[in-house]
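Working notes, structure below.
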Amino acid sequence: MNKYLFANWKMNPESEQKALELAKAIREGISQASFSPSQLTVAIFPPFPWLDKIREQLKNSFLALGAQNIFWEERGAYTGEVSPLMVKDLGCEYVLIGHSERKIYLKETPEMLNKKLSAALRANLKPVLFLNPPEDLGEATAYLQKLLQGNEVNIPNVVFVYEPPEAISTQGGKTPSPEKITKISSLIKEALKNISPSDLSSEMIVLLYGGSVNKENVRKFTTELGLDGAVVGSKSLDPEEFLAIIKNYVS
Ligand code: PGA
Numbered sequence: 001m002n003k004y005l006f007a008n009w010k011m012n013p014e015s016e017q018k019a020l021e022l023a024k025a026i027r028e029g030i031s032q033a034s035f036s037p038s039q040l041t042v043a044i045f046p047p048f049p050w051l052d053k054i055r056e057q058l059k060n061s062f063l064a065l066g067a068q069n070i071f072w073e074e075r076g077a078y079t080g081e082v083s084p085l086m087v088k089d090l091g092c093e094y095v096l097i098g099h100s101e102r103k104i105y106l107k108e109t110p111e112m113l114n115k116k117l118s119a120a121l122r123a124n125l126k127p128v129l130f131l132n133p134p135e136d137l138g139e140a141t142a143y144l145q146k147l148l149q150g151n152e153v154n155i156p157n158v159v160f161v162y163e164p165p166e167a168i169s170t171q172g173g174k175t176p177s178p179e180k181i182t183k184i185s186s187l188i189k190e191a192l193k194n195i196s197p198s199d200l201s202s203e204m205i206v207l208l209y210g211g212s213v214n215k216e217n218v219r220k221f222t223t224e225l226g227l228d229g230a231v232v233g234s235k236s237l238d239p240e241e242f243l244a245i246i247k248n249y250v251s
């Protein structure tokens with residue numbers, strides 16, 4: 001199965017020039033790395049204003065592009081919002097949905113995330129859905145049911161991320177134990193099987209980990225726990241560190 005490393009730049013860097021330098025360093029580094037794109041998908045998620053220029057810069061490279069957010073409508077009077085069609089038109093393949101920072105600062109609710117997920121799938125974008133489920137299977141199933149309502153058949157087309165908010169580097173970086181990650185990962189997969197209308201095997205579910213991932217711990221949080229990859233925040237803003245994360249992950 002394919003593996004994933006996603007670079008979530010969040011609201012960084014503050015200038016186009018710095019964003020282009022960062023993308024260029026990653027692009028150049030990756031062209032020397034020894035892995036094939038069928039083994040590993042590396043995607044970067046820059047802020048909206050830099051997407052177009054970065055798309056140009058990533059042309060003919062292994063790197064995929066993603067957006068950090070979309071609105072749930074395609075067009076209309078929604079001041080300040082960005083349509084999934086615009087994001088698709090800019091060359092994005094992926095879109096982040098439900099990152100905990102948006103739940104905390106923008107008060108995004110499960111209903112909003114459900115509408116964004118549907119909008120992403122309609123626009124042929126691959127949704128990357130962040131989760132921090134309750135630890136009880138019944139509650140986790142209800143929580144996932146709310147997020148995925150109407151899209152249950154599309155579970156294999158969604159990239160899920162288990163990311164406890166307190167594990168994020170800028171929120172304290174309190175990472176869960178490997179046992180806890182394993183327990184929650186199985187719980188997510190069981191809950192998804194409960195709501196899937198067809199026979200869904202664990203292998204059909206793509207599940208990544210996010211929260212304070214760096215070059216030393218990337219394998220511990222992914223390969224060693226049987227997960228399919230990671231979302232990297234702060235450490236993706238340092239090209240050397242991010243390239244080392246890629247190298248350590250695939251080696
Ligand atoms: P972090 O961020 O790697 O800085 O902890 C991860 C994320 O918020 O997606």
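Residues in the sequence shown are numbered consecutively from 1, following my numbering.
For each residue, glycine too, the CB sits at the ideal point set by N, CA and C.
These numbers come from a predicted model, not from an experiment.
Range covered by the beta strand (DSSP E) that runs through residue i
i: G29; result: Here G29 belongs to no beta strand (DSSP E); instead the alpha helix (DSSP H) covers E16 to Q32.
i: N8; result: K3 to N8
i: A43; result: L40 to F45
Residue interval of the alpha helix (DSSP H) (run including residue i)
i: V218; result: V218 to F221
i: I246; result: P239 to V250
Residue i, buried or exposed, once every other Cβ within 10 Å from all chains shown has been counted against 16
i: N199; result: The question names Asn, but residue 199 in the sequence shown is Asp. D199 is exposed by the Cβ-count criterion.
i: S236; result: buried
i: R75; result: exposed
i: I205; result: buried
i: T175; result: buried
i: G211; result: buried
i: N8; result: buried
i: K215; result: buried
Span separating the alpha-carbon of residue i from that of residue j
i: G98; j: L131; result: 8 angstroms
i: N12; j: G66; result: 15 angstroms
i: L113; j: L144; result: 11 angstroms
i: P239; j: A25; result: 6 angstroms
i: C92; j: P127; result: 11 angstroms
i: V250; j: S234; result: 20 angstroms
i: P49; j: P84; result: 15 angstroms
i: V213; j: P134; result: 22 angstroms
i: V161; j: A77; result: 32 angstroms
i: G229; j: L5; result: 6 angstroms
i: F266; j: S15; result: Examination of residue 266 is not possible in this model, given that the chain is present from 1 through 251 alone.
i: L147; j: E28; result: 38 angstroms
i: A33; j: K103; result: 36 angstroms
Chain B within 8 angstroms of residue i, Cβ atoms only
i: D136; result: Here chain B cannot be found, since the structure has a single protein chain.
Residue i: CB within 7 angstroms of a non-hydrogen atom of the ligand PGA
i: T170; result: yes
i: V232; result: yes
i: S212; result: yes
i: N8; result: yes
i: K235; result: yes
i: E166; result: no
i: E241; result: no
i: E163; result: yes
>> Ignoring anything shorter than 3 residues, give me the beta strand (DSSP E) runs that lie fully in the stretch 48-94, in order along the chain.
In response: 64-67
>> Extract the residue ranges of the alpha helix (DSSP H) inside the stretch 182-236, only unbroken runs of 4 or more that lie entirely within it.
In response: Counting only runs of 4 or more, we get 218-221.
> What residue ranges within the stretch 98-162 form continuous beta strand (DSSP E) runs of no fewer than 3 residues, ordered along the chain?
Replying inline: 126-131 and 159-162
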